[in-house]
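Numbered by the working numbering, the letters in the sequence shown go through residues 32 to 227 in order. Built from N, CA and C at the ideal position, the CB exists for glycine as well. A quick note: this is a predicted structure, and the numbers were derived from the prediction, not measured.
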Amino acid sequence: MQANASSKRISAANKAALRNLARNLYLINALALGVRWVKSNVYGRPFLPSGFVLFLQVATFVATIAVWRWFIAIGTPHTDAKGNVKVAEDLAGGGVIELAWDMIYLTWICTLGSALIAPWFWYLFLLIPAFGAWKIYGVAKPFLGMFLPGIFGPKGPKPAAQEQAQAAQPAESKKQAKLRARMERGDKRVQQVQRR
């Protein structure tokens with residue numbers, strides 16, 4: 032069986048994305064090593080970063096390779112024994128795939144930034160858990176408001192704000208004052224006017 036046009040489009044886009052991912056993975060890491068080599072020869076700085084920065088470099092490189100292999104596994108269309116094409120996942124999709132792309136891009140930015148500028152560039156990697164925490168807080172805030180209304184619940188107006196709101200209301204006209212007085216006495220004319 033033949034794949035439909037949508038799966039062919041997804042397959043072509045995935046193939047291009049995987050090709051670009053592999054090329055950029057090699058290019059960025061080679062460029063970072065080249066910059067580190069030049070800086071070590073020109074400025075006398077160590078070729079390899081030290082301690083925790085080296086650990087981050089290796090750990091994120093391994094994570095990027097793992098995500099790349101995962102993208103190959105889910106992004107390549109397969110055929111079953113009958114010849115039917117099993118449509119691949121769209122690597123331009125949202126959710127976990129989008130988060131994986133963000134992790135790859137941020138790893139590349141931190142790799143080049145730490146090679147070009149300084150090792151503190153790896154602190155940008157904290158954006159990923161910070162963004163996740165912000166998203167979780169947005170989802171959990173209504174539930175926290177039910178259990179801890181004093182902290183997370185809706186904030187009521189303060190007494191000074193209530194006084195300012197009352198002062199901002201326009202004064203009652205003479206006609207409104209007469210109608211209010213009649214209504215308080217229970218006059219039938221006012222009640223009929225209000226029902227309309």
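Stretch pair the stretch 55–66 + the stretch 139–158: three plus CB contacts closer than 8 Å: The stretch 55–66 vs the stretch 139–158: in contact.
Simplified DSSP state of M32, which is helix, strand or coil: Taking the sequence shown and counting its residues from 1, one reaches residue 32 at position 1. Confidence at M32 is low in this model, with a pLDDT of 47, below 50, so its placement is unreliable and no value can be given for it.
Does DSSP put S42 in a helix, a strand or coil? Looking up residue 42 in the sequence shown gives position 11. In this structure, S42 counts as helix in the three-state DSSP scheme.
Own chain partners of I103 with C-beta closer than 7 Å, once the 5 adjacent residues on each side are dropped: Against the sequence shown, residue 103 aligns to sequence position 72. Taken in chain order, the residues that qualify are L49.
Own chain partners of K117 with C-beta closer than 8 Å, once the 5 adjacent residues on each side are dropped: In the sequence shown, counting from the first residue as 1, residue 117 sits at position 86. Answer for K117: P108, H109, T110, D111, listed in chain order.
Straight-line Cα distance separating P173 from W151: Translated into the one-based positions of the sequence shown, residue 151 becomes position 120. Translated into the one-based positions of the sequence shown, residue 173 becomes position 142. Their Cα atoms are separated by approximately 36 Å.
Measuring straight from C-alpha to C-alpha, what distance separates K209 and P201? Residue mapping note: residue 209 aligns to position 178 of the sequence shown, counting from 1. Residue mapping note: residue 201 aligns to position 170 of the sequence shown, counting from 1. Answer to the nearest angstrom: the Cα atoms are 16 Å apart.
If you run the structure through DSSP and keep just helix, strand and coil, what is T107? One-based indexing of the sequence shown puts residue 107 at position 76. Coil at T107, not helix or strand.
Three or more C-beta pairs under 8 Å: does that hold for the stretch 89–102 against the stretch 157–172? Judged by Cβ distances under 8 Å, the stretch 89–102 makes no contact with the stretch 157–172, as fewer than three pairs qualify.
Which residue's Cα is closest to the Cα of K39: L58, Y168, A53, E120? Looking up residue 39 in the sequence shown gives position 8. Nearest neighbour of K39 by Cα position, chosen from L58, Y168, A53, E120, turns out to be E120.
Local conformation of V127 per DSSP, three classes: Within the sequence shown, the letter at position 96 stands for residue 127. If DSSP states are grouped into helix, strand and coil, V127 belongs with the helices.
Measuring only the C-alpha atoms, how far is K113 from L52? Here residue 113 refers to the residue found at position 82 when the sequence shown is read from its first residue. Here residue 52 refers to the residue found at position 21 when the sequence shown is read from its first residue. Cα to Cα, the separation comes out at about 31 Å.
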